[in-house]
Amino acid sequence: MIEFTQIGSELIFIGTALFLVGLIQGALIPAVKNSRMALSGHLTAVQCAMALMIFGIIWSLVELPVSLEIFTAYGCAFGFILIWLGITVASVTGASKALPIAGAGFSATIATEYMVTILVRLGSILSLVTCTLLTIGMLPTVW
Numbered sequence: 080m081i082e083f084t085q086i087g088s089e090l091i092f093i094g095t096a097l098f099l100v101g102l103i104q105g106a107l108i109p110a111v112k113n114s115r116m117a118l119s120g121h122l123t124a125v126q127c128a129m130a131l132m133i134f135g136i137i138w139s140l141v142e143l144p145v146s147l148e149i150f151t152a153y154g155c156a157f158g159f160i161l162i163w164l165g166i167t168v169a170s171v172t173g174a175s176k177a178l179p180i181a182g183a184g185f186s187a188t189i190a191t192e193y194m195v196t197i198l199v200r201l202g203s204i205l206s207l208v209t210c211t212l213l214t215i216g217m218l219p220t221v222w
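If you count the sequence shown from 1, you need to add 79 to reach the working numbering.
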C-alpha cells in the first residue's frame, strides 16, 4: 500500500516547485543568449520535476537505512537541480564545452565553462548514484 511519508511529501513539493520553475523558464527561452540550451534547461526542469513527484508518491515503498534514505531522497533532488542549474547558466552565458550539442556555436569565459561543467557533472553523478540507491531500495517490494 502506498502512503505519504514526510520525505515523500517534501519530494513532491520540491518537484512541484521545480516544475513551476521549468514552466517559467519555458516562457523565457527567447530572452537568453542560447535559446537551444534554454529549451534543454526547460525540458530538464520539467522532466526531473515529474520524476521527483513520482519518487515522492512511491517513497513509502523504499526500504533503506534512515541515513541512506535521507541521502537518496535529497541527493536525487539536489542532483537534478544541479543539472538544471548548469544547463540554465549555460543558456544565459553561452557556455558550451560541457554540453556541445545544444551549445554548438556558442562560448563563454573559461571560468563559466568550468562552473557549468562542474554543475552538470556533479549533478549527473549524484543523480546516478541516488537513483541507483532508490532502485535498490525498491527491490524488497518487488520480491
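Yeah, the Cβ is synthetic: ideal placement off N, Cα and C, and Gly gets one too.
Less than 7 angstroms separating the beta-carbons of Gly165 and Val199?
Taking the sequence shown and counting its residues from 1, the one referred to as residue 165 is at position 86. Taking the sequence shown and counting its residues from 1, the one referred to as residue 199 is at position 120. Closer than 7 angstroms, so yes.
Between Leu90 and Gly135, is the Cβ-Cβ spacing less than 7 angstroms?
Stepping through the sequence shown from its first residue, residue 90 is reached at position 11. Stepping through the sequence shown from its first residue, residue 135 is reached at position 56. Yes; because the gap between Cβ atoms is below 7 angstroms, this pair is in contact.
Got a sec? Which residues, its chain only, sit under 8 angstroms from Ser114 by beta carbon, not counting five neighbours each side?
As a working mapping, residue 114 is identified with position 35 in the sequence shown. So the list reads Ile108 and Ser170, once near-sequence residues are dropped.
The segment 185-192 / the segment 201-210 touching (three or more Cβ pairs under 8 angstroms)
no
Whole-angstrom distance between Met116 and Ser139, CA atom to CA atom
Within the sequence shown, numbered from 1, the residue matching residue 139 stands at position 60. Within the sequence shown, numbered from 1, the residue matching residue 116 stands at position 37. Using only the alpha carbons, I get a separation of about 36 angstroms.
Assigned exposure category for Phe185 - 16 Cβ within 10 Å defines buried:
Numbered from 1 along the sequence shown, position 106 holds the residue referred to as residue 185. With 16 or more Cβ atoms within 10 Å of its Cβ, Phe185 is classed as buried.
Exposed or buried, Thr167, counting other C-beta atoms within 10 Å across all chains shown (16 or more means buried)?
In the sequence shown, the residue the question calls residue 167 occupies position 88. It is buried - the Cβ of Thr167 has at least 16 other Cβ atoms within 10 Å.
Candidates Ile93, Glu82, Val100 and Ile162, of which the one nearest Thr196 by Cα
Along the sequence shown, one-based indexing puts residue 196 at 117. Taking only the C-alpha atoms, the option nearest Thr196 is Ile162.
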